[in-house]
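Following: one structure in structure tokens, then a few remarks.
Residue numbers (our numbering): 3 to 107.
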């Protein structure tokens, strides 16, 4: 399955405790069909001391969110939108906004 959301996209959360919040995609996990969004789905984790966390303790980090729970925000019309595909004259396949028909990539 090809995922239509990429790293660096701005997305809107559709459901859950962070509903109606916007954030930037930090990482896409295509195998699990999940994305990690900046500032969304923050959880507290008890961390043993390690090289990365010398003090250890309780840290806060983003947990993955299922891709069906987020919707891409169009950079042109600044609205949440579904994503379509179009092949340009030079043969490139690009993502398009279904609302304003502008190229996203």
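Beta carbons: idealized from backbone N, C-alpha and C, even for Gly.
Here residue 24 has 12, 13, 14, 15 and 75 as same chain residues with Cβ atoms under 8 angstroms from its own Cβ, once five neighbours each way along the sequence are excluded. The DSSP-derived three-state label of residue 89 is strand. When 49, 58, 28 and 54 are compared, the shortest CA-CA separation from residue 64 is found for 28.
Excluding the 5 residues flanking it on each side, residue 10 has same chain C-beta neighbours closer than 8 angstroms at 26 and 27, in chain order.
A straight-line Cα-Cα distance of about 38 angstroms links residue 83 and residue 54. In the structure shown, residue 42 falls within a coil segment according to DSSP collapsed to helix, strand and coil.
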